[in-house]
Each structure stands twice: as structure tokens, then as C-alpha cells.
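S.K.: Numbering (mature numbering (1 follows the signal peptide of the UniProt record, and there is no 0)), first residue to last: -22 to -1, 1 to 398.
Please read through the structure below; I'll follow up with questions.
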């Protein structure tokens, strides 16, 4: 049954080109083809450069350049094949900006300089949630060799006392690419992709201090068909978080740490119905993180997290390398077990190796009323640093193993309840 479900997962995620074109997993696919036609005689579409400085942007790190960026965007949005240019060797001090679409075809934004967020919290009164918001965009690319600095230190001291701003937010977008940029010190999350489809996020460097609150690296919500690859993430929260309404999500060649690992959820808070499916995470390294591969949901919630494959992952000194927690909470008191819970099923961990910073490397804490089903461990080998003893804690889980599975769920009580 599990294998059939796994096959369904693999077929459902044919966006994962390594399966569809027969390439092996584990090494980047080389680009280029010696038999491809030469492009010398191909007519290139002329690009129209829209320079933010032509609209009054100073880039001196002191002048507020928000209005200049808004004017430049309006011009670029109305121009076919426009490139909105943020020149290099400049620091542009800007407040919240809404980059609204739809726009003319062929639009790109080239960030070669530094965008630095306003430190004045009052600048965000009209929209506390967003700093750089891209909305209703189609066939759009944001790229460059520049950086996005959220000046997060101003916000972190307040933690959850005030609503904080997400550095870059894409909402209701289709066929969008974000690549080659550096994000640092966001107010809250570095990059959020919401209610979008056909998205590629690649070759980003996202960094924030390990103690910075709520600074998720890449947050995916309500999004279909997204490929995240070759990203380096150091942060104070989840490196990648995938929440309700997301399906066909691939994350590959990821460095994570410090941070809270790669997380599915949380799901089902406030008794809501949340769904996540067809998630494929592979070729990742997690170093010094508080969690490794985590699925988290609240008691009383509804919905499902299913068809999830974690493969070819290296752990280095990770506190909770593998964890499924159907009793997640972020308040003072834990939630009591309830009749309803988010269904967790068809989860596979394959070729997971490395070290745990605690004696418990695997925690599968599932609900009696809605137990976890179809959990498979294949070639999993996680050891405790400096000590051969390591254990798994498992409750209410239907669990199978193949090949090496260390540590295994115990088959006896008191804590473990293992279905046969």
C-alpha cells in the first residue's frame, strides 16, 4: 500500500525533472547541449532599461528613495520587455513598496545595488505585513547581484508584541523566478511565496542571527508547483517552511543552519482545516539546527500532510533530526489530545545520515485518535555525538523500515505504541 502511495507521489511530482527525464539524483544536472542549435542568428528581443536613478533615486543610504522606486515601477510595468534597474555600488533606503501587476510582458527587476529597509516603524502603519510586495505578477523575474537588507534589529526586540514586516512577499503570482540575490536581517521572514504557482527560487543566500525571532528563510503558503534549489540559509527560525494549501513543492541542494530546520507546518491551528501534499526535499545539509526534518500540527485541527519524501539528507549536530509532532504548540501550556487532528500519512525518509546533538534522534509523536500511517525509514543512520547510544521515541504510528534504520522505533511500551 505504501509503495503504491509512493508511486503516486512520484508521478504527482513530475515537476521533479530528475524522475521525468531519467537523470540520477544526487548531482546537479549539467546545462548545455553540444547538439543544440547556435543562437548567433537568433534575433533577441530588445530590452528597455528603466533606471531607478532616472526617477530621482539617490542611492546614498540616507535619502528616502521610496517615491522614486514607485515612479520607476509604474513606468516599467507599462513597458514591454522592460528591465527595472537598481544600479550596483549604491544603497537605496526605502520604505514599504507595493509592486502591483499585471504588467506588460517580459518584465524583469535587476537588483544590483542594496535595498535597505526604513528603520522608522511608523513608515509601515498602512501595511505592517509587507516591505517589498509583488502582487498579481505573471512571467516575471527578480534577480541580480545585489542584496535585500531588512534592518531587522529594529523589529526583533519587539518579537511578537507587534506585527512585523516580511522582507519580500509574492502574492497571487504565476511563472515567477527569484534568483541570485542575498537577503539579510529581515524584519520577519526573508521571502514568502503565497497563493502562487509555477515558481522557481534559486541561488539565494539568506542570513540572520540564530537568535533573531521569526526570521524564516523561505516560507511557502497556498502555492502549487514551486522549485527551491541551491540556496544557503542561516536564520533564527525555519530555513524552509511549507504550510497550508501547498502542493508539488521541491527543495533541493539546500544548506540550512543555524535555524529550525525544514518544516511542514504548523498545520491545523485554531481547529482549522489545512492541507499539504506532494513535497520532495532532497540533497540538503542541516548543520547545528534545532530541528532537522519536521512535520508539526496542532491538536483539534483537520486536513492532511501526505505524500512527503525526504531523501539524501546530511545532518550535522542537529538537536531533533527527524520529528513528527501532532501535539505542536507555541504557547505556555501544551494542547490536550482531541478527537480531531491533521492526518499524517505516506511519509518516507530515505538515505538520511549524520549526527544528533541529543540522545533522541527520532521522535514520532502521533495522536491516538488520528495516528500517523505509512511512515517508512530506508537507510537512515543517525548517531549521537561522542556516544553510540541513541534512541527513537514513537507513539501511535504505523511504521516500516528497509535497509539500515538507526535508531528504530521500540516495539514495547511505555512511551511507544507501534502498530504491526
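Glycine is no exception: its CB is placed at the ideal position from the N, C-alpha and C atoms.
Report the residue ranges of all beta strand (DSSP E) runs contained in full by the stretch 259 to 343; include only those spanning at least 3 residues, in chain order.
M.R.: 269 to 275, 280 to 296, 298 to 303, 321 to 334, 338 to 343
S.K.: In the DSSP assignment, the beta strand (DSSP E) including residue 81 goes from what residue to what residue?
M.R.: No beta strand (DSSP E) holds residue 81; DSSP gives it neither H nor E.
S.K.: With 16 other CB atoms within 10 Å as the buried threshold, where does residue 17 fall?
M.R.: Caution applies to residue 17, whose pLDDT of 34 falls short of 50 and renders its modelled position unreliable; the value that the coordinates give is listed next. Residue 17 comes out exposed.
S.K.: Check residue 226 in the structure and name its three-state DSSP category.
M.R.: strand
S.K.: Quick check on this structure: which residue in 377, 252, 275, 67 has the alpha carbon closest to the alpha carbon of residue 36?
M.R.: By alpha-carbon distance to residue 36, the top candidate from 377, 252, 275, 67 is 67.
S.K.: Nearest to residue 277 by CA position, among 306, 262, 42, is which residue?
M.R.: 306
S.K.: Would you please state the rounded distance, in angstroms, between the beta carbons of residue 231 and residue 252? I believe it to be under 8 Å.
M.R.: Between residue 231 and residue 252 the beta-carbon gap is near 28 Å, outside 8 Å, which marks them as no contact.
S.K.: Smallest Cα separation from residue 269: which of 150, 206, 292, 202?
M.R.: 292
S.K.: To which residues of the same chain is residue 162 closer than 6 Å at the C-beta, ignoring the five residues directly before and after it?
M.R.: Its chain contains 127, 185 as the residues whose beta carbon lies nearer than 6 Å to that of residue 162, once the 5 sequence neighbours on both sides are disregarded; these appear in chain order.
S.K.: Would you kindly report the start and end of the unbroken alpha helix (DSSP H) that includes residue 132?
M.R.: 131 to 134
S.K.: DSSP three-state label for residue 369, please.
M.R.: strand
S.K.: Between residue 193 and chain B, is any beta-carbon pair separated by less than 8 Å?
M.R.: Note that chain B does not occur in the displayed structure, where there is just one protein chain.
S.K.: From residue 385 to residue 197, what does the alpha carbon distance come to, in whole angstroms?
M.R.: Between residue 385 and residue 197, the alpha-carbon positions lie close to 30 Å from each other.
S.K.: Measuring CA to CA, which of 136, 100, 193 is closest to residue 211?
M.R.: Nearest Cα to residue 211 within the set 136, 100, 193: 193.
S.K.: Assign residue 329 to one of two classes, buried (16 or more other C-beta atoms within 10 Å of its C-beta) or exposed (fewer than that).
M.R.: Buried, because 16 or more other Cβ atoms sit within 10 Å of the Cβ of residue 329.
S.K.: Given a cut-off of 8 Å on the beta-carbon distance, is the pair residue 174 and residue 152 in contact?
M.R.: yes
S.K.: With a cut-off of 8 Å on the beta carbons, I'd call residue 286 and residue 257 a contact; round off their distance for me.
M.R.: 4 Å
S.K.: How would you label residue 248, buried or exposed, when you count the other beta carbons within 10 angstroms and need 16 or more for buried?
M.R.: exposed
S.K.: Got a sec? Which residues, its chain only, sit under 7 Å from residue 91 by beta carbon, not counting five neighbours each side?
M.R.: 37, 64, 65, 66, 67, 68, 69, 70, 124
S.K.: Return helix, strand or coil for residue 25, following the three-state DSSP convention.
M.R.: Reduced to three states, the DSSP call for residue 25 is coil.
S.K.: Can you grab the Cα-Cα spacing for the pair residue 187 / residue 235, in whole Å?
M.R.: 10 Å
S.K.: Can you grab the Cα-Cα spacing for the pair residue 2 / residue 201, in whole Å?
M.R.: Residue confidence for residue 2 is low, a pLDDT of 35 falling below 50, so the modelled location carries little weight; the figure read from the coordinates is stated next. Whole-angstrom Cα-Cα distance: 27 Å.
S.K.: Closest by CA to residue 168, which one among 148, 176, 203?
M.R.: Taking the Cα of residue 168 as reference, the smallest distance to any Cα among 148, 176, 203 is reached at 148.
S.K.: Using only alpha-carbon positions, find the residue among 78, 129, 356 that is nearest to residue 116.
M.R.: 78
S.K.: Out of 224, 86, 259, which one is the CA nearest neighbour of residue 325?
M.R.: The shortest Cα separation from residue 325 among 224, 86, 259 belongs to 259.
S.K.: Given that a residue counts as buried once 16 or more other Cβ atoms are within 10 Å of its Cβ, and exposed if not, what is residue 142?
M.R.: buried
S.K.: Assign residue 337 to buried or exposed, taking buried as 16 or more other Cβ atoms, counted over all protein chains shown, within 10 Å of its Cβ.
M.R.: exposed
S.K.: In three-state terms, what does DSSP make of residue 145?
M.R.: Note: residue 145 maps to strand in three-state DSSP.
S.K.: Could you check whether residue 43 and residue 74 sit closer than 8 Å to each other, using their CB atoms as the reference points?
M.R.: No.
S.K.: Inspect the beta-carbon positions of residue 80 and residue 114 and report whether they are closer than 8 Å.
M.R.: yes
S.K.: Given a cut-off of 8 Å on the beta-carbon distance, is the pair residue 88 and residue 62 in contact?
M.R.: A distance below 8 Å separates the beta carbons of residue 88 and residue 62.
S.K.: Is it right to say residue 354 is buried, meaning 16 or more other beta carbons lie within 10 angstroms of its own, or is it exposed?
M.R.: buried
S.K.: Can you tell me whether residue 367 is buried or exposed, with buried defined as 16 or more other CB within 10 angstroms of its CB?
M.R.: exposed
S.K.: Hey, residue 370 and residue 339: beta-carbon distance below 8 Å or not?
M.R.: yes
S.K.: If you draw a straight line from the alpha carbon of residue 216 to that of residue 112, how long is it in whole angstroms?
M.R.: 22 Å
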